[in-house]
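A.B. asks: Numbering of the sequence shown is given in the working numbering, commencing with residue 12 and proceeding in unit increments. Yeah, the Cβ is synthetic: ideal placement off N, Cα and C, and Gly gets one too. Predicted model, so just to flag it, every value in this text is computed and none were measured. First, the structure itself, so that you have it in front of you.
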Amino acid sequence: MAEAGSKQSRSAYLVFFAAEAIYIMAIAGRSSFGVAGLYAMDRFAINASTLSLFTVIQLAVYSGAQIPVGLLLDRIGVRKVLVSGAVIMAAGQIVLGLTTSLHVALAARILIGLGDATAFSSVLRLIPVWFTPFAAPLMTQMTGMLGQIGQIISSIPFAFVLGQFGWSPAFVGLGTVAGLVSIIGLVWVRNSPTDSGQQVRRVDPQEQGQSARDVMREPGTWLGFWTHFTCGFPATVFLLLWGTPFLQISQGLSAGTAAGLLILPPLAGAVVGPVIGRMTGAHPLRRSWLVYGSVGLCVATWIPLLVMDSALPLWYLALFCALLSIPSSASSIAFDFVRTSVDVRRVGTGNGLANMGGFSASLIISWVIGRILDQLAPGGDYSRDDFQIAMASQVIFIVIGLIGIAYFKNKVRKKMMQQGIIVPPLREVWERYHPAATVLDSRTTTYEAAVEASSMELAAALAADTVIEAENAAQVKAVSDGDGHDDAAGAAPHTVGSPEESGTSVDHN
Numbered sequence: 012m013a014e015a016g017s018k019q020s021r022s023a024y025l026v027f028f029a030a031e032a033i034y035i036m037a038i039a040g041r042s043s044f045g046v047a048g049l050y051a052m053d054r055f056a057i058n059a060s061t062l063s064l065f066t067v068i069q070l071a072v073y074s075g076a077q078i079p080v081g082l083l084l085d086r087i088g089v090r091k092v093l094v095s096g097a098v099i100m101a102a103g104q105i106v107l108g109l110t111t112s113l114h115v116a117l118a119a120r121i122l123i124g125l126g127d128a129t130a131f132s133s134v135l136r137l138i139p140v141w142f143t144p145f146a147a148p149l150m151t152q153m154t155g156m157l158g159q160i161g162q163i164i165s166s167i168p169f170a171f172v173l174g175q176f177g178w179s180p181a182f183v184g185l186g187t188v189a190g191l192v193s194i195i196g197l198v199w200v201r202n203s204p205t206d207s208g209q210q211v212r213r214v215d216p217q218e219q220g221q222s223a224r225d226v227m228r229e230p231g232t233w234l235g236f237w238t239h240f241t242c243g244f245p246a247t248v249f250l251l252l253w254g255t256p257f258l259q260i261s262q263g264l265s266a267g268t269a270a271g272l273l274i275l276p277p278l279a280g281a282v283v284g285p286v287i288g289r290m291t292g293a294h295p296l297r298r299s300w301l302v303y304g305s306v307g308l309c310v311a312t313w314i315p316l317l318v319m320d321s322a323l324p325l326w327y328l329a330l331f332c333a334l335l336s337i338p339s340s341a342s343s344i345a346f347d348f349v350r351t352s353v354d355v356r357r358v359g360t361g362n363g364l365a366n367m368g369g370f371s372a373s374l375i376i377s378w379v380i381g382r383i384l385d386q387l388a389p390g391g392d393y394s395r396d397d398f399q400i401a402m403a404s405q406v407i408f409i410v411i412g413l414i415g416i417a418y419f420k421n422k423v424r425k426k427m428m429q430q431g432i433i434v435p436p437l438r439e440v441w442e443r444y445h446p447a448a449t450v451l452d453s454r455t456t457t458y459e460a461a462v463e464a465s466s467m468e469l470a471a472a473l474a475a476d477t478v479i480e481a482e483n484a485a486q487v488k489a490v491s492d493g494d495g496h497d498d499a500a501g502a503a504p505h506t507v508g509s510p511e512e513s514g515t516s517v518d519h520n
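Written out as structure tokens, the structure is:
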């Protein structure tokens, strides 16, 4: 549930966009190797395995820093963490642009990964404080969608400078812009509507350690982790490192055409992201369906690329790149699972853990692809077959991720059953509301008020008018509040008043 004073206002959007500007530059720096990979191989005289280290190291630092960053966000606030990270990231880009040493370049990527690690979690930490539960899913999607402007920056202006003026001007310029953008965060970002920018609520370290353990014991947090693991890596691996080499070598495209295709995922995300955000808000009780559907579509679009023995037409490659935006957008549902499972004071830590999922998968898969390529073509003369075999390794990790999602979804439902919350099967829901079921108009206002007050159990009972009596649901909420889990369910927003649009009594997954 959003804290007091978190209703949307001009100030809320100003804070959001100031923080988002830093995240955009983080994406630009992170994805720069998507177009600079072949330049890096020439500059540092390295093979594919060593090239993959640039991405693996950055993602390893990024992933490993997520829980510490989350704890810092909960302890000292967004503003300090976000601005400090932006400065570190800018310094790393400048060092990378100036050095010709492989070891120094890898060290610079560590700095970039450390700074990058603060950006996304910081923006997510602001959302439940500055925006209502009703708006939170859409703003979460907007965070990822607008962040993809960074991908456009790396694909067009950065790629142009890199091709026309060389390595140093491109990376030093990128770092300089990132440093300038950090000033925007320093001036405009505030931790909460009541924060002057100077005071932050202090948390006792022992209490914070206990909070972290509570977050890690929450099955909804791990449902978020595996959701991000499964949906997050396909676009990340493709855009950050292996997309351009794959398109050039396996599909025979020029460097310019390949770089142009990498613009399509963020552009498509501008359409897909808000749609998924609205669907998440309108159907919070069946969010996992969006996850499964996105993953299935991703696998289906990869199949022709992995089995065809000739290059596919450009229109299909464009379609494929555009559809990568769907699982990428669906990965943000992970943070909605966290938001509706974890107390708002611990959301930073929960988001950090969930965010580790996709980037842990990305760093492992990026390294695995590089190793497979070098095993298949030790001399570096890679073929279409080599890339098809290497890229097919992603399927293994998709299966692992789906198993994780299914397991923790089941754990979440068991926890709900222990609280007396029953999720009816779809057959029962269909029979209840189709075709002659009437909308409980008289209960609409009460339902929406319950949602806004973070009483999803009560709201579901009022809407469904079956299974759970409203009085029992209120008692469940009272017990939950006493255990410090007042935000576990209630923050799930709902944009409609009719129960048939949610499709069940209550369902957090």
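#1: Pairing CB atoms from the region 313–331 with CB atoms from the region 222–242, are three or more of them under 8 Å?
#2: Work out the CA separation of arginine 224 and threonine 291 for me, nearest whole Å.
#3: Counting Cβ pairs, one atom from each stretch, are 3 or more of them under 8 Å apart for the region 353–364 and the region 47–57?
#4: Quick check on the burial criterion: 16 or more other C-beta atoms within 10 angstroms. Buried or exposed for glutamine 77?
#5: Is the region 30–41 close to the region 84–97, with three or more CB pairs under 8 Å?
#6: Which residues in the same chain have their Cβ closer than 6 Å to the Cβ of tryptophan 378, if we skip the five residues on either side of it in sequence?
#7: Counting along the chain, where does the alpha helix (DSSP H) carrying alanine 181 start and finish?
#8: Compute the distance between the beta-carbons of isoleucine 344 and leucine 301, then report whether it is under 8 Å.
#9: Comparing alpha-carbon positions, which option in Leu149, Gly103, Ala59, Ser132 lies nearest glutamine 69?
#10: For the alpha helix (DSSP H) that contains leucine 25, what are its first and last residues?
#11: Starting from phenylalanine 398 and walking both ways along the alpha helix (DSSP H), at which residues does that stretch end?
#12: Would DSSP call glutamate 480 helix, strand or coil?
#13: Flag this pair as touching only if the region 384–403 and the region 74–88 have three or more C-beta atom pairs under 8 Å; answer yes or no.
#14: Does the distance from the C-beta atom of valine 188 to that of arginine 90 stay below 8 Å?
#15: On the DSSP letters alone, give me the boundaries of the alpha helix (DSSP H) that aspartate 385 sits inside.
#16: Tell me which same chain residues have a C-beta within less than 6 Å of the C-beta of leucine 197, skipping the five on either side of it?
#17: With burial defined as no fewer than 16 other Cβ atoms inside 10 Å of the residue's Cβ, what is the status of serine 20: buried or exposed?
#18: Comparing alpha-carbon positions, which option in Thr247, Gly155, Leu117 lies nearest leucine 374?
#19: Buried or exposed, going by whether 16 or more other CB atoms sit within 10 Å of the CB of histidine 114?
#20: So isoleucine 105 is in the alpha helix (DSSP H); what residue range does that whole segment cover?
#21: When we look at the beta-carbon of proline 139 and count the other beta-carbons within 10 Å, is it buried (16 or more) or exposed?
#22: Mind checking lysine 425: buried by the 16 CB within 10 Å criterion, or exposed?
#23: Does the Cβ-Cβ distance between proline 256 and serine 305 come in under 8 Å?
#24: Expressed to the nearest angstrom, what Euclidean distance is found between the alpha-carbon atoms of alanine 503 and serine 193?
#25: Just to check my reading of the structure: threonine 241 and leucine 413 have Cβ atoms closer than 8 Å, yes? What is that Cβ distance to the nearest angstrom?
#26: Would you call glycine 254 buried or exposed, if buried means 16 or more other Cβ atoms sit within 10 Å of its Cβ?
#27: Taking only the alpha-carbon atoms, compute the straight-line gap between glycine 184 and alanine 130 and give it to the nearest angstrom.
#28: Let's see if you can read the secondary structure: which residues bound the alpha helix (DSSP H) around arginine 120?
#29: Should the region 323–341 be called in touch with the region 275–282, which here means at least 3 C-beta pairs below 8 Å?
#30: Please tell me whether isoleucine 380 and serine 352 are closer than 8 Å, where the distance is taken between their beta carbons.
#31: Can you say whether leucine 156 is buried or exposed, counting buried as having 16 or more other CB atoms within 10 angstroms of its CB?
#32: Out of Ser112, Thr143, Gly75, state which residue places its alpha-carbon closest to the alpha-carbon of proline 204.
#33: Report all residues from its chain with a CB closer than 6 Å to the CB of alanine 29; omit the five preceding and five following residues, and keep chain order.
#34: Which same chain residues, not among the five before or five after glycine 124, have their C-beta less than 6 Å away from its C-beta?
C.D. replies: So, from the data block:
#1: no
#2: 28 Å
#3: no
#4: buried
#5: yes
#6: Ser63, Val67
#7: 178–199
#8: yes
#9: Gly103
#10: 21–42
#11: 395–403
#12: Note on glutamate 480: pLDDT 38, under 50, position unreliable in the model; the coordinate value appears next. Here glutamate 480 sits in coil by DSSP.
#13: no
#14: no
#15: 358–387
#16: Val94
#17: exposed
#18: Thr247
#19: exposed
#20: 89–109
#21: buried
#22: exposed
#23: no
#24: Low confidence applies here, because alanine 503 scores a pLDDT of 38, under 50, leaving its location unreliable; read the following figure in that light. Alanine 503 and serine 193: Cα-Cα distance of roughly 32 Å.
#25: 6 Å
#26: buried
#27: 20 Å
#28: 113–141
#29: yes
#30: no
#31: Strictly speaking, residue 156 in this sequence is methionine, with leucine absent from that position. Methionine 156 is buried by the Cβ-count criterion.
#32: Thr143
#33: Ile195, Gly196, Trp199, Val200
#34: Gln69, Val72, Tyr73
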